[in-house]
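Here the structure comes first, spelled out in structure tokens, and everything after it is commentary.
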Amino acid sequence: MGNLMPPPLSNIRKVLIANRGEIAVRCIKACRDVQVHSISIFTNADATSLHVTLADQAEHLPGDDGTAYADAEAILNICKSTGADAVIPGCGFLSEDADFAAAVSSAGIIFVGPSPESIKAMGLKHEARAIAEAAQVPVVPGTRLLASAAQVIEAAKSLEFPVMLKATAGGGGMGLQVCHSEHEAQEAFSMVESRASTLFKNGGLFLEKYYERSHHIEVQVVGNGNIVVALGERECSLQRRHQKVIEECPSPFVERNPGLRERLLQAASSYASQLKYKSVGTVEFLVDDETAEFFFLEMNTRLQVEHGITELCYGVDLVHLMFLQADYERAGHPGMPSDLLEDLKMNQPLGSAIEARVYAEMPLRDFVPSPGVLQLVNWPKGEGVRVDTWVRNGQRITPLYDPLIGKILVHSSAGRVAAHARLRAALVETTLQGTQTNLEYLIKIVDSSIFVSGDTLTNSLSTFKFESCSLQVLDPGVFTTIQDYPGRSTVGHGVPPGGPMDDLSARAANILVGNDSGIELLEVTLAGPELLFHEAAVVAICGAQLPVTVGDEPQPMWSRVVVKKGQILKLGKITGHGTRAYLAVKGGFPQIPMFLGSKSTAPELGFGGLQGRKLHSQDIIHLHQRSGHWAAAATGLSLPANSIPDYKITSVCCIDGPYGCDEILTAEGRKTLYETEWVVSHNSGRSGIRLNGPRLRWARTSGGGGGSHPSNVLDYGYPNGGVNFTGESPIIFAHDRPDLGGFACPTTVCSAEMWKVGQLNAGTKVQFRSVSYDTALDMTRKKNEYLGALTAYSQGDACEIPSLDLELNDEPPCSILHRAAPSGTHPKVTYRQGGDTSIILEYGEQIPDLRNTACIQLLAQALLAADFGGVRGEPNFATLTIRFDPFLLERSKLIERLIQLDGEIGETTGIKIPARQVRLPVCLDHTSLRESAQRYMKSIRPNAAYLPDNVEYLRKNNALSTRHDVFDAILKTPWLTVAVGFYVGTPIMFPLDPWRVLTGQKYNPSRVYTPGGSIGLGGSLAAIYPVDAPGGYQLMGRTLGGWDAGGNRPGFSSARPWLFQHFDMIQFYEVSEEEYEKMEQQFEIGRYEFDITDTTIDMDTYISRFDEAARDPKYRAWRARQAVASQEVGELEQRLFEQWAQTKRAMQSGPDPGLEDDAVNSDEAVSVASPMDATVWKVLVQQGDVLEKGQTVAVLEAMKMEINVVVSANQAGAVVTEISKPPGSIVAPGTSIVRAMWPE
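Okay, structure coming up:
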């Protein structure tokens, strides 16, 4: 039956699956086979599960996520509202709830399973024992229900220890306790009774004799209410904490004992027949290893997790049989025909099958569940291999439910040895990267003599010694992430380059241990982790100075060090200059998944590395399988002190541009830029290093089409290391930066100097030094020479390691590489210098003009077709950022080719470009946008021209009459996607109707939170924020996001997790907030299909609209009113900004009361002070509290990290008298946060 497609059901048309996870997916597939409509149910925590997307229909469960799947009333209501005529419960939750089964039947719906009476009879184990006795099925010597600990002890003496105390309503290994003595029995009584009352609402307990050398063997039965047939046995003895891990069919023990199978099957059939059992079920037995005597344990009136191995060995599909039985019942028959059941009987199984249960759990920590993200999922395939699962790439494992994530089943007709080999191969082929699983543990079990021999007992795993090739994070440090070099430098589309902030130190650490310099390693910020090595390893630590110990013994940095198996490696706090250090391990971390070609973590965006985040306590990171071998053969090595880089950084070398030219920045502004000692802000991080200093003098009063502030420009692709002025605040773009935006970068840090940027710590003063392009390349060569010599030295070559220093000459700034005058309808072209690895080619005059956009599109296509090695173009509204490797292609030659390609474009007429049309819903004025503005006002800036209502600001700024006029700009024109980038695939859009071209400034400073799917306007361009993210555009409405890191939703893939592409034509249509919420939910669960069609854009059509509007007096009059309004609003914003900045400066420069008080840090008083420049985020004590050693009194926020301020031993016992710096205060090293006095 299992080998043929079953006939469709005749009477059941819709089945609701009252379960989740892999068993729900299994039932959905069976529904498909028998051609019935499947309905899945889900909670918010399960929204991305496969059972939600695979079903024909998915319904959301109301109520608490943790209990929703057991809410019988809610599920029954969904059955009625969807018209389901059958319910299949799977296993767990309501599958053995007799009241639920009865309620389903009473509602006129078929319960796909046994009768409520059978379920109820088997629900209490002591009653199930009585039925077994009546059927003359042997039972484990035991007792009736026991009411007290005294009764338990007395009965245990009679049975003789050891005994097992069991909850009569228990199941799944819960409510069991083995007792070897009276003392253990006494303690177990209260514990098991309490747990049983809580979990099962029934505190009834009884005792059974415990057989220490025993097997757990179960028999699969199927009945129709008239007869019962048994379909072989399953060996389920390999258990940890009374939960099955690996199951087999047939049982090796039964195979070795002739006649045992027949007796077991007969006993199981006899037992189930007492119940007039219908549907599938399992009768479980305890089998004594020495005598082969067996005893009834319990009957499970449901589908078992391990049912699949019986299916493989007996050629049946048990779920099909359940549906067939239910279909006959719905037709009014007692059940399926008896002759059909009789035909299923087989004397021997067809070969051998084995199942391994894969859990999200941590074997090294006594199998505690490990909720988190499975970043990469690859299950085995091939002949004789089956996988039942509910997870895929990007699936988040919730702590709310059972941690089972899949079952790997194998079958071989050649028998157990071949099945064993197939299982091992399947486990090795499996990839589950991200949160911890038991995969390594399963492989070790399968390789063990216990399993190979087939002598598996219920207590076998209690003595099994699991050894893991991994390290365990005992303390993660302040901010430790996994990075590799060079990261994702060629992906684009808003995916940051990533990689180590200080690539010099990172690459050096890898070289010292013998790795390729780009292998993944740990980046440590401010203070390092404490790591327990479960296998020996070769390590090296490079970067800013910090204390290193192995097994409490100090170790040198910039050295090759061996950590032995079982030792703890500890990295302390960084002292002196610098911010980051790097820990390399030989072989790297092979189980960290690749994401878009790199293992680097982007913690602010939640992808890459280990679950897209910094390390957490108790994380497990797997080492290379040869780690121990390498450690045994390793020899020590230390780098000479004079070869270690100097981390006292006072200047970084830069190349002028792309926007340092005279039309953007005055000579005085350039002087300020290069002569100021900029102070590094505590509000820095992997996306950029923020600086405090004077305001620049700009050469213009506004940004024109880019926005109202003179630092605004039309969006362009940011150069690596660009020094970006977001309004008045400079930031050096670092490795997790946005890749495009509309703020000017007047200078760009040289590639060879970016390692220094990664080591700048808060409070450091740094100066920009202008150098030439050729000097920048010489610096890169010098850096590569250093690393090359370091490689030779680490391999035993006694060579001299050259200095990193290079004699420099001051170079006059120059942003412009080439200019080409306009010709006919072809606009002028400006070639801007973008550091030493990019050129920004700009068309036109920094005003919105579709001719520029058409040229950019044609040039981007020509550049792609030219296929220059290592050259990549990133198009925007009026710019093409060309990224290149100067050591693969000379910049001068690249410019020559670009000039040639531009010349081939010719006139900007008659251009037709293939594109996609994307229809998107939009909810205007969504509630979450108002909440975002309120959050900004509370946490960042309370007053601005654009607050509290962005839409009202846009109305005033553009001289419009009503709010609807603002919304019409979204709804009444198509929007052209002129770029895709910023962060994670953000589409940058321009309206194709001149009457809908609005302008607005960007938030200054930018928001830290924007709801995903928000539509915002900045300058004259709009953007859709794909995910919750920082941002600065004025918000008008919400649509659906355009990013799916897992690549699972329709329209996305793992190689292309962004939805939008350049030149998409986007048309919005309005929906209500209620309609939007439903669409958003459909998108979240992966069931929303985007409306995307192919089209062709006739650029002449839209260019002519703008030309005609420019001649229209009414349009010109509106534009004039718009300019006046924008100026007035801009002046208001300047006043409000200055007031806010003045207030902020006053707060920052105010005296620290604690430092002025002579009593602080005296014999009478204590000051708990900040260790660094930071903002106070939380204060966790109040006046009158007594300080305790190790207590966290405050949490600071700096470098986009949380830093705990902890009470030291000599401060413990003091009583808090004052909170010197409340939340929101700016603090420096030594600033008192909490003051306390010693009690008298």
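In terms of full-length UniProt numbering, the sequence shown is residues 1 to 1240.
Glycine included, C-beta positions come from ideal geometry on N, C-alpha and C.
W975 and T601 have their C-alpha atoms spaced approximately 33 angstroms apart.
Between H307 and L318 a beta carbon distance of about 5 angstroms is seen, short of the 8 angstroms cut, so the two are scored as contacting.
For H735, same chain residues with a beta-carbon under 7 angstroms away, outside a window of 5 residues either side, are G487, P496, P497, G498, G499, M501, R686 in chain order.
The shortest C-alpha to C-alpha distance from K444 to any of G434, F464, Q436 is the one to F464. Among the bridge pairs identified by DSSP, H709 is matched with none. Between G543 and Y582, the C-beta spacing is below 8 angstroms.
Contiguous alpha helix (DSSP H) elements confined to the segment 626 to 703 occur at 627 to 633, 667 to 675, taking only those with 4 or more residues. Cβ-Cβ distances below 7 angstroms link L457 to R213, S214, H215, S237, D289 in the same chain, with the five nearest sequence neighbours on each side left out; the list follows chain order. A1228 sits in coil when the DSSP states are folded into three classes, being neither helix nor strand. Checking the DSSP bridge columns, you'll see N724 partnered with I731. Rounded to whole angstroms, G688 and T837 show a C-alpha spacing of 18 angstroms. Annotation: G707 to L954 spans about 12 angstroms, alpha carbon to alpha carbon. Residue environment analysis places N642 among the exposed positions, since fewer than 16 neighbouring C-beta atoms fall within 10 angstroms of its C-beta. Boundaries of the alpha helix (DSSP H) harbouring S273: 260 to 274, taken from the DSSP string.
In this structure, the CA atom of Y843 is about 42 angstroms from the CA atom of T525.
Around the CB of T168, 16 or more other CB atoms lie within 10 Å, so the residue is classed as buried. CA-CA distance, A47 to E1077, rounds to 14 angstroms. Relative to Q846, the option among K125, A762, Y659, P942 whose CA is nearest is Y659.
Per DSSP, reduced to three states, the secondary structure at P822 is coil, with no helix or strand assignment.
A Cβ-Cβ contact shorter than 8 angstroms links G742 with N712. A direct Cα-Cα distance of roughly 5 angstroms separates V548 from L571. Counting other Cβ atoms within 10 Å of its Cβ, R422 reaches 16 or more and is therefore classed as buried. The shortest C-alpha to C-alpha distance from F253 to any of S770, E293, V1176, K244 is the one to E293. Listed in chain order, the alpha helix (DSSP H) runs fully inside the segment 907 to 949 are 927 to 939, counting runs of at least 4 residues. Per DSSP, the beta-bridge partners of Y831 are H818, L841. Boundaries of the alpha helix (DSSP H) around N852: 850 to 866. Check the Cα spacing between Q1127 and each of G434, G703, L50: the tightest is with G703. For R897, the enclosing alpha helix (DSSP H) starts and ends at 891 to 903. Taking the CA atoms as reference points, D475 sits about 51 angstroms from M322. Under the Cβ criterion (8 angstroms, minimum of three pairs), the segment 411 to 431 counts as touching the segment 370 to 386. Taking a contact to require three or more Cβ pairs closer than 8 angstroms, the segment 271 to 286 and the segment 172 to 187 do not qualify as touching. According to the DSSP assignment, I1219 belongs to the beta strand (DSSP E) that extends over 1215 to 1219. By the Cβ-count criterion, M5 is exposed, with fewer than 16 other Cβ atoms from all chains shown falling within 10 Å of its own Cβ. For P252, the uninterrupted alpha helix (DSSP H) run begins and ends at 252 to 255, by DSSP. K125 sits in a helix when the DSSP states are folded into three classes. For the pair N19 and P89, the CB atoms are nearer than the 8 angstroms cut-off.
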